[in-house]
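Enquirer: The structure's right below; bear with me while I get my questions together.
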Amino acid sequence: MPDSVDETLSLLEQEQYVADQSLATAVYLSLKLGRPLFLEGEAGVGKTEVGKVLATGLGRRLIRLQCYEGLDVSSAVYEWNYARQMIEIRIAEASGVTDRERLESDVFSDEFLIHRPLLEALAPHLEGPPVLLIDELDRTDEPFEAFLL
5 MPDSVDETLS LLEQEQYVAD QSLATAVYLS LKLGRPLFLE GEAGVGKTEV GKVLATGLGR
65 RLIRLQCYEG LDVSSAVYEW NYARQMIEIR IAEASGVTDR ERLESDVFSD EFLIHRPLLE
125 ALAPHLEGPP VLLIDELDRT DEPFEAFLL
């Protein structure tokens with residue numbers, strides 16, 4: 005973790021990213037305060053690359069959520085592994101399991117959860133918090149954008 009704006013600028017430069025003082029300051033403050041960094045600008049100016057460079061430079065995992073029209077909360081946060089749940093239910097039925105409450109608690113456990121980018125980013129990571137890159141936020145529908153903000 006950089007200890008100053010100049011160290012942040014060096015970190016970006018080490019990863020072959022050319023940044024000015026204002027971007028380095030914004031990145032440094034975002035990291036120092038543990039707050040999100042929102043970048044906007046024309047296509048091709050390097051907004052996405054900032055996230056990639058930060059992940060590499062900090063030795064953190066990059067988790068990317070590519071936004072598009074029609075993206076909903078379940079696709080971004082989590083989904084249930086329905087096929088695996090059904091198999092578990094069929095196995096329980098074949099085994100004669102009759103405790104419905106226990107079966108429900110089993111099939112709705114983390115074991116049957118498919119972590120999507122947002123949930124994955126919030127989960128604990130041994131190497132430190134990941135860099136969550138939410139790309140093309142402006143392409144989402146208003147309800148999803150409101151959910152994120």
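For the sequence shown, the working numbering gives the first residue as 5, with consecutive numbering after it. Just so you know, even glycine gets a beta-carbon here, dropped at the ideal spot from N, CA and C. Since the model is a prediction, treat every value here as computed from it, not as a measurement.
#1: So, for VAL77: in the same chain, excluding its five sequence neighbours on each side, which residues have a beta-carbon less than 6 Å away from its beta-carbon?
#2: Can you name, in chain order, every residue of its own chain whose Cβ lies under 7 Å from the Cβ of ALA30, other than the five neighbours on each side?
#3: Buried or exposed for ILE138, please, with buried defined as at least 16 other CB atoms from any protein chain shown within 10 angstroms of its CB.
#4: Who are the Cβ neighbours of VAL9 in its own chain at under 6 Å, not counting the five residues just before and after it?
#5: For the ligand NAD, I want to know if ARG68 counts as a neighbour, meaning its beta carbon is within less than 7 Å of at least one of the ligand's heavy atoms.
#6: Would you tell me roughly how many angstroms separate the C-alpha atoms of LEU56 and ARG106, rounded to the nearest one?
#7: If we count the other Cβ atoms within 10 Å of its Cβ and call it buried at 16 or more, is ALA59 buried or exposed?
#8: Between the Cα of GLU44 and those of LEU37, GLU53, ARG88, spot the shortest distance and give me the residue it belongs to.
#9: Within this structure, are the beta carbons of GLU73 and ARG143 separated by less than 8 Å?
#10: Where ASN85 and PHE116 are concerned, what is the direct C-alpha to C-alpha distance, given to the nearest angstrom?
#11: How many Å lie between ARG94 and ARG88 at the Cα?
#12: Give the DSSP-derived three-state secondary structure of LEU43 in the structure shown.
#13: For a cutoff of 8 Å on Cβ pairs, would you count ALA127 as touching chain C?
Expert: Taking the structure as given:
#1: PHE151
#2: LEU41
#3: buried
#4: ALA28, THR29, TYR32
#5: The model on display carries no ligand, and the ligand NAD is accordingly not part of it.
#6: Sequence check: residue 56 is Lys here, not Leu. Distance between the alpha carbons of LYS56 and ARG106 is about 43 Å.
#7: buried
#8: GLU53
#9: yes
#10: 5 Å
#11: 10 Å
#12: The answer is coil: DSSP assigns LEU43 none of H, G, I, E or B.
#13: Of the protein chains in this structure there is only one, and it is not chain C.
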